[in-house]
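I have placed the structure first, in the form of structure tokens, so that the comments after it can refer back to it.
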Amino acid sequence: MAPTTTPVAANRKARGHRPVFHGWWIVAVFAVTQTVGYGTLYYAFAVLLHPIATDLRTSPPMVTGALTTAVLTGAAAAIPVGRWLDHHGGRALMALGSLTGAGLLVAWSRVHEVWQLYLVFAALGVAMAMSLYEAATAVIVSWFDAARRSRALLGMMIVAGFASTIFMPLTGLLEQRYGWRTTLLVLAAVNGTVAVPLHALIVRRPPAGHSAAGQPTATQRAAAVRAAVHDSRFWCLAVAFVAHSAAMTAMTVHLVGFLTDEGHPATFAATVAGLLGVLSVTGRLVLTGAQRRIPLTTVVAIVFATQAVAAFALPLLAGTRTGAVIGVVAFGIGFGIANLASPALLADRYGTSGYATIASTLGTPVTLAKAGAPLGAAALYTATGGYTPVLAVIGATCLVAAAGMLARAGTPRPTA
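The numbering of the sequence shown is the working numbering, which starts it at -6 and goes up by one.
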């Protein structure tokens, strides 16, 4: 019997309706899960830092060291995670990472000793590597070609950029009403009931016909990785993103302290620092619009250089509220730029066959910079007795990032 077409299907076909490309469903899911994941696993820490230190009868720096531990274990897990993503896709890995993260939030709520806190955070770093931006970015890159990739990444990152705006006030409200232990249980429930099922049900590997690179073989992936690590341009990009990451993290951690040292009230300092989350979204929109007319490397280098000028100028501007806002806005426009620029630059130059492994190779030193930069900035502040040298180093580091972005940008792409 010849196949028949239902009236509904025939009507849709006649009107030109097409099913939504599944990659866009994945982008929508990641917009939600990355907001929830960062909000519960990362940004909640800053709000709960002092209540935890008080309850555990220890100092805030000692508790902060637990987060550093998570960053380090996340760096150690980055390359194995990248290899898994290249070979098997993100569904099982990201669902397991979210489930593990929810379980560790429960474990975090039960700690009574500092060593227990560090143990939980050592595991939490691995869970974050499995379920947050780096893994989500690798999945999106595998689904979209160059023409749509930036738009897909931007769609995820614009929403997820508000994670701190949503979850930091929510965490503070819950902590005031219920205490930090119950707050963590609520956050665990949110993460477990939202991120786990969405990752498990929606995330999948692209079919061969839809993938930008088809389904590459192990040999093709290995060749792509070899071509990247033997390319001098790759290491110029590594210098750029490591330097920029160090500058961003140091500024994020020490901005409130700098502004209060300048004589501003703590509430004003915290409010101005909170602009960075909103500015990260603005910066991503600016980058996406500008790169249509200017080469991406040039746009990113200009943004990095602008941040350098802002860091150098902040000691001169921050004496007044208006000056402080201007300086922070100029610096904050670069927040979030690297998360959008890095996937585009790597995928355009090296293809998508071994993208997750290549990105994790770059991501490991970037993550180490995130762990070490705040400690180095604190040591410099202690040695010099002020924040002006710290901001000078941050500005110089941004200039290094701009130079690395432009270095060898015109060299031909390597052949795998």
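Heads up, the beta-carbon is just placed ideally off N, CA and C, and yes, glycines get one too.
- Annotation for S353: the continuous alpha helix (DSSP H) segment containing it runs Y348 to T377.
- Taking C-alpha positions only, Q284 is separated from A337 by approximately 11 angstroms.
- With 16 or more neighbouring CB atoms inside 10 Å of its own CB, T28 falls in the buried class.
- Judged by pairs of C-beta atoms under 8 angstroms, the region 86 to 101 does not touch the region 352 to 371, as fewer than three such pairs exist.
- Annotation for D48: the continuous alpha helix (DSSP H) segment containing it runs A37 to D48.
- Under the three-pair Cβ rule at 8 angstroms, the region 222 to 238 does not count as touching the region 126 to 143.
- If you keep only unbroken alpha helix (DSSP H) runs of at least 4 residues inside the region 151 to 227, you get 156 to 171, 173 to 195 and 211 to 222.
- Straight across, the Cα-Cα distance linking G154 with T47 is about 30 angstroms.
- If you compare the alpha carbons of A21, V322, A221 and M161 with that of T345, the shortest gap goes to A221.
- DSSP places Q284 outside both helix and strand once states are collapsed to three, so it counts as coil.
- The three-state reading of DSSP puts L97 in helix, counting H, G and I together.
- Looking at the backbone, the Cα of I195 and that of V302 are separated by about 44 angstroms.
- Judged by beta-carbon spacing, V134 lies beyond the 8 angstroms limit of G83, meaning their Cβ atoms are not closer than that value.
- In the three-state scheme derived from DSSP, where H, G and I count as helix and E and B as strand, Y31 is classed as helix.
- Scanning its chain for C-beta atoms nearer than 8 angstroms, with the 5 sequence neighbours on each side dropped, one finds around L41 the residues T164, E168, W173, T176 and L177, in chain order.
- In the structure shown, the three-state DSSP call for D138 is coil.
- Per DSSP, the continuous alpha helix (DSSP H) segment holding S335 begins and ends at I330 to Y343.
- The three-state secondary structure of P382, taken from DSSP, is helix.
- The criterion of a C-beta distance shorter than 8 angstroms is satisfied by A298 and L392.
- Separation of L269 and V321 (C-alpha to C-alpha, rounded to the nearest whole angstrom) is 8 angstroms.
- Annotated three-state conformation of R406 is coil, per DSSP.
- Counting along the chain, the unbroken alpha helix (DSSP H) around F305 starts and ends at L289 to L310.
- I351 counts as buried, since at least 16 other C-beta atoms from the protein chains shown sit within 10 angstroms of its C-beta.
- Between V235 and A362 the beta-carbon gap is near 5 angstroms, inside 8 angstroms, which marks them as a contact.
- In the structure shown, the three-state DSSP call for E106 is coil.
- In this structure, the straight-line span from the alpha carbon of F23 to that of M149 is close to 6 angstroms.
- In the structure shown, F324 adopts helical secondary structure according to DSSP, grouped into three states.
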